[in-house]
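Chains as they are written, first to last, in the numbering used here: chain A, 9 to 372; chain B, 5 to 264.
The C-beta atom is built at its ideal place from N, Cα and C for all residues, glycine as well.
The model shown is predicted, which means the values in this text are computed figures rather than measured ones.
Please read the structure below before turning to the comments.
What follows is the structure in structure tokens.
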């Protein structure tokens, strides 16, 4: 030992018996006996409020079913599930983006743009005498490529130029819409291989069409990725505290880029499935869809502050919106009521989540 | 056995002639320091004296303009916080750097998540069971008691969050712990507990560099106190001998003036 070290010595180990209780009293708060009302509240709050969300969905289905009994039917399920696919796919990508603390206003426009350009490719190939399956395949790849490219551009501008996601994706909304109209001349694309329609509309096993099955598959994969993988955990970490994520060595920029690419890719998947349902691509298909996807994610419990959200919640959110849309049509209610109802439910859902978080003992 | 000078063998970190310029601003003007096994070194100084820049250099966040850093006898160039962490240099940041929306176990493993063995691991699947078990083990060895490591970190009090940040920095073979104002936001009782944690780390032979404005606490916890003034270390004080008054005279530069 150096002389200085000996001179100064080392502090003796301190008694550490004091440390065994860190705010145990505060943890005990959650273990107190509860009134039945509080117990019901806790039940609703289970799974980050997913129990309450599923109950709201069931309530909507039951109420519409009482008003219009033929809502509970196979025909309305087919319509509802087909309707839900587009919002659900966009909202899954949106959920990842929102969890990172971002927002993607371009998903609707990117969906329409990639679908229209993919459709133009298919139309030209079919007109040139190409094999229909080749034409469809090339159109699909083109769509997916354009969707992913749009997401890549979003992500790179957000992370490299440090412009807020709101502005970047608002710009992409405009650019994607303009590009689509330039290429299509603003008109709906028709004259596509008729085989497309069998992809979009054939019910497999009677109840599930290909778009619905693809959506379920995407939801399961995305849900597992978000909750079980390192990518999912880091998505939450980036949105919860970006600075902390950086300092523990997470490649935050690259992570954000990948999340926007995923959202763009899913927008293209949604667009292609929509094209296959109608065997045409509408330049209007994406209008307002960015807001629907955000509403579905938010109804599903995603926080625009980042760090919170789940795929199960988002799927329930998308189903609530589809149930209202189809249900109110079947019940003969003017479709404008649907948008009013969704607006109210979105705000109520966020309020419900705030109440839940307040009573779960969390602090800011 | 070859004879090794124990004073050198004990040195974990050696900093020689480190400077840092930001344009015309000289944040560090040639810092030399050594940190030895198991000691708590206090780093004090006024705002702008260069403490945070120095911690930035040691934690890999700041690249020095000149100078050398030797860690465990090897010259190193700390290129990023994750590089510093890979070497065993852990930092407890003033803001704690916790993701409050994540469960406690995830914060303890953030950036070093364990994956499942085999194909699932290659696909990125997390080994949550193993991480929860090791999180519980880490909190046990650090003697921190927290209900469930599966709870959201936002459910914890300020003191508990601090304890999690310290536990993350001291777990899994860390070799040097840097703490930037670990008690600035805490009440008296919680400050005391963090102080115990600091001593606990040092007792396991891991040296700690502690930045603090709380001079009585620095006196109580540290084996040595280094005073920074205008980008240099101007004094090394023995807290057993020097009181708070004397530290203040060095921090404000008054002691330097009277020495001239």
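- For residue 30 of chain B, the secondary structure class from DSSP, reduced to helix, strand or coil, is strand.
- The closest CA to that of residue 262 of chain A, considering only A/246, A/273, A/276, A/277, is found on A/246.
- Of all C-beta pairs linking the segment 85-97 of chain A to the segment 211-229 of chain A, three or more are shorter than 8 Å, placing the two stretches in contact.
- Judged by DSSP in its simplified three-state form, residue 239 of chain B adopts strand.
- A contact between stretches requires three or more CB pairs, one per stretch, nearer than 8 Å, and the segment 93-107 of chain A meets this requirement with the segment 267-280 of chain A.
- Within a 10 Å sphere around the beta-carbon of residue 254 of chain B sit 16 or more other beta-carbons, which makes this residue buried.
- The three-state reading of DSSP puts residue 97 of chain B in coil, since its state is none of H, G, I, E or B.
- Within the segment 233-246 of chain A, 236, 237, 238, 239, 241, 244, 245 place their CB atoms closer than 7 Å to a CB of chain B, listed in sequence order.
- For the 8 Å CB-CB criterion, residue 21 of chain B and residue 71 of chain B form a contact.
- Around the beta-carbon of residue 148 of chain A, 16 or more other beta-carbon atoms lie within 10 Å, marking it buried.
- Residue 102 of chain B and residue 109 of chain B have their C-alpha atoms some 11 Å from each other.
- Proximity of the segment 130-141 of chain B to the segment 152-160 of chain B meets the contact definition, three or more beta-carbon pairs being nearer than 8 Å.
- One Cα belongs to residue 62 of chain B, the other to residue 187 of chain B, and the distance between them is close to 20 Å.
- Here residue 246 of chain B carries a coil assignment [DSSP, helix/strand/coil].
- For the segment 285-309 of chain A, the beta-carbon criterion of a distance under 7 Å to any beta-carbon of chain B is satisfied by none of its residues.
- Residue 72 of chain A has a beta carbon lying at 8 Å or more from every beta carbon in chain B.
- Chain-ordered, the chain A residues with CB closer than 7 Å to the CB of residue 105 of chain B read 244, 248, 315, 316.
- Sixteen is the threshold: since fewer than 16 other Cβ atoms of the shown chains lie within 10 Å of the Cβ of residue 229 of chain A, the residue is exposed.
- Non-local C-beta neighbours of residue 24 of chain B in its own chain, meaning closer than 6 Å and more than five positions away in sequence, comprise 31, 32, 57, 68, 69, ordered along the chain.
- Counting every other CB atom within 10 Å of its CB across the protein chains shown gives residue 232 of chain B a total of 16 or more, marking it as buried.
- Nearest to residue 352 of chain A by alpha-carbon distance, out of A/329, A/339, A/340, is A/329.
- Taken through DSSP and simplified to helix, strand or coil, residue 173 of chain B comes out as helix.
- Taking 8 Å as the cut-off, the Cβ atoms of residue 211 of chain B and residue 46 of chain B do not count as close.
- When only Cα atoms are considered, residue 200 of chain B and residue 179 of chain B end up about 18 Å apart.
- Any Cβ of chain B closer than 8 Å to the Cβ of residue 106 of chain A would place that residue at the interface, and such an atom is absent.
- At a cut-off of 8 Å between beta carbons, residue 75 of chain B makes no contact with chain A.
- Under the rule that a run must span 4 or more residues, no alpha helix (DSSP H) segment is found entirely inside the segment 329-364 of chain A.
- Here residue 290 of chain A has 196 as same chain residues with Cβ atoms under 6 Å from its own Cβ, once five neighbours each way along the sequence are excluded.
- Taking 8 Å as the Cβ-Cβ cut-off, the segment 111-131 of chain B approaches chain A at 114, 115, 116, 117, 119, 127, 128, 129, 130, given in chain order.
- Fully contained in the segment 195-228 of chain B are the following beta strand (DSSP E) runs of length 3 or more, in chain order: 212-215.
- Legend: CB atoms of the segment 32-64 of chain B lying less than 9 Å from CB atoms of chain A belong to residues 40, 42, 43, 44, 63.
- Taken atom to atom, the span from the alpha-carbon of residue 215 of chain B to that of residue 167 of chain B is near 17 Å.
- For residue 68 of chain B, the secondary structure class from DSSP, reduced to helix, strand or coil, is coil.
- Contacts with chain A (Cβ-Cβ distance below 7 Å) from the segment 75-101 of chain B involve 85, 86, 89, 97, 101, listed in chain order.
- In the three-state reduction of the DSSP assignment, residue 24 of chain B falls in the strand class, which pools E and B.
- Of the candidates B/132, B/135, B/53, B/15, B/53 places its Cα closest to the Cα of residue 230 of chain B.
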